[in-house]
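Residues 636 to 973 in my numbering are what the sequence shown spells out, letter by letter.
Right, one structure below, let's go through it.
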Amino acid sequence: MVDALDQHGWSASKLWNVALYHSRQVWDETGEIPEEDELKDELKTHSKYDGLHSQSSQNVLEELSEAFSSWYGSDDDRDNAPGYRKENYYDQHGRRVHEEHPRSTVTWKTNGIRHDEKHDRLRLSKGSNHKDGRDFILCEYETPPEVELEDVQQVRAVWKSGKHRWALHVVCKHEITAESPGENVAGVDLGICNPAVVALPDDALLYPGNRLREDKHYFQREEYQTEGDHGPSKKAQWAREKLSKRKDHFLHALSKDIVERCVEHDVGTLVVGDPSGVDEDDWGRHGNKRLDNWAYKRLMNLVDYKARERGIEVEMPDERGTSSSCSVCGHKDDDSRV
């Protein structure tokens with residue numbers, strides 16, 4: 636199993652590099668970075684695409700597209716565009732003597748997974764380049780008595796370099812029924828500087844984004860100050876991963892607190908304004924980059940599933956035009972925009 640996971644981890648890195656090379660060529664020729672769908676159409680016949688199951692290959696291309704979007708949306712000019720996944724080794728004179736591809740995370744989705752619940756096994760489809768008698772990677776697992784794997788939606792194989800082993804992250808779909816906390820209605824307004832403002836029946840909450848900005852400033856400084864001569868150093872990689880984890884933790888804690896406050900105030904319906912339409916306008920180079928780096932979709936998803944776990948219905952109306960519309964009669968007047 637380990638050898639097969641190694642092969643697929645290396646194949647994911649090679650596909651990433653092929654897609655990145657293609658993206659940079661298109662960028663040089665047209666001045667634009669290809670979209671996710673363009674990458675999939677262009678590379679689905681490439682030999683490296685067959686190193687993984689088709690859905691796994693698609694996921695690699697989706698991650699590259701997201702990486703470009705995150706880089707373009709960063710408001711820090713020191714940020715670098717996505718780089719090649721390879722590790723170079725140099726002699727004492729600075730000459731490269733060896734090159735290796737690291738083991739990238741591999742994601743399997745529903746079509747590439749077969750779950751044998753009776754024998755506690757997962758069968759993960761191989762890429763056609765690696766099928767040698769078996770069409771799948773057989774993984775046996777053990778879970779605590781109180782944990783059951785049912786309705787598996789996704790499996791991620793993650794290489795733990797510190798422990799020098801693979802770990803499997805399994806995502807299952809679990810239906811939860813909960814009684815509504817009450818009949819009150821609350822609203823959430825999402826923002827860039829202040830990630831969320833919540834209007835409760837008899838209270839209002841403001842969640843500032845100072846901590847996010849402080850974390851970004853500190854860890855990006857650590858990353859740039861420890862950047863190696865031949866690519867990111869281990870400390871630079873640590874800083875990058877730490878920042879990502881801190882941001883994810885912040886969003887989880889924020890969404891949890893919003894939902895807990897709603898439960899305390901007997902809220903049965905939570906209205907979260909969807910600001911998606913705001914990115915259709917041109918806000919200038921600085922404004923556009925801040926919008927691209929705004930993780931509002933991630934926060935909306937977290938609030939949605941945490942609220943539904945507590946029996947709160949969630950509505951996400953489009954916010955376009957609300958600043959210039961009367962909340963009573965619906966009349967629109969741009970001069971009344973606030």
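All C-beta atoms, glycine included, are put in the ideal place defined by N, C-alpha and C.
Cβ of residue i within 8 Å of Cβ of residue j?
i: Gly764; j: Gly686; result: Sequence check: residue 764 is Asn here, not Gly. Contact flag set, yes.
i: Ser691; j: Glu671; result: no
i: Phe703; j: Ile748; result: no
i: Val938; j: Val823; result: yes
i: Leu678; j: Ala647; result: no
i: Leu803; j: Arg896; result: no
i: Val790; j: Val805; result: yes
i: Ser658; j: Leu674; result: yes
i: Asn652; j: Lys721; result: yes
i: Pro830; j: Leu934; result: yes
i: Asp786; j: Lys753; result: no
i: Lys683; j: Leu640; result: no
i: Pro952; j: Gly908; result: yes
Using only the alpha-carbon positions, how far apart do residue i and residue j sit?
i: Ser815; j: Val898; result: 9 Å
i: Val973; j: His643; result: Only weak support is given to the placement of Val973: the predicted model assigns it a pLDDT of 44, under 50, and the value that follows is read from those uncertain coordinates. Taking the straight line joining both Cα atoms gives about 53 Å.
i: Pro910; j: Ser705; result: 18 Å
i: Leu759; j: Trp743; result: 7 Å
i: Trp645; j: Gly946; result: 43 Å
i: Gly817; j: Glu944; result: 14 Å
i: Ser796; j: Leu773; result: 22 Å
i: Ser971; j: Trp662; result: Residue confidence is low: Ser971 scores 49 on pLDDT, short of 50, so the model does not pin down where it sits. No coordinate-derived value is stated.
i: Thr665; j: Ser739; result: 29 Å
i: Thr812; j: Leu757; result: 28 Å
i: Glu775; j: Val637; result: 12 Å
i: Val963; j: Leu841; result: Below a pLDDT of 50, predicted positions are generally treated as unreliable, and Val963, at 49, falls in that range; no measurement from the model is reported.
i: Tyr940; j: Val782; result: 20 Å
i: Asn694; j: Asp883; result: 20 Å
i: Glu948; j: Asp892; result: 16 Å
i: Arg800; j: Asp837; result: 52 Å
i: Ala716; j: Ile827; result: 22 Å
Between residue i and residue j, which are expected to be in contact by the criterion C-beta below 8 Å, what is the C-beta distance as a whole number of angstroms?
i: Asp901; j: Arg881; result: Not really, about 33 Å apart at Cβ, beyond 8 Å.
i: Glu950; j: Val906; result: 5 Å
i: Asp755; j: Glu777; result: 7 Å
i: Ala930; j: Leu886; result: 7 Å
i: Ala874; j: Glu857; result: 4 Å
i: Ala821; j: Val832; result: Incorrect: roughly 11 Å between the Cβ atoms, too far for contact.
i: Leu878; j: Phe854; result: 4 Å
Name, in chain order, the residues that DSSP records as bridge partners for residue i.
i: Thr742; result: Arg791
i: Cys807; result: Val787
i: Asp953; result: Asp909
i: Ser904; result: Looking at the sequence itself, residue 904 is Thr, so the reference to Ser does not match. In the DSSP output, where bridge partners are listed per residue, Thr904 has Val820 and Glu948.
i: Trp801; result: Trp794
i: Ala839; result: Ala834
i: Phe771; result: Ser760
i: Arg749; result: Arg758
Taking 7 Å as the cut-off, does the CB of residue i come closer than this to any heavy atom belonging to the ligand GDP?
i: His804; result: Annotation note on the ligand GDP: not contained in the displayed structure, which lists no ligands.
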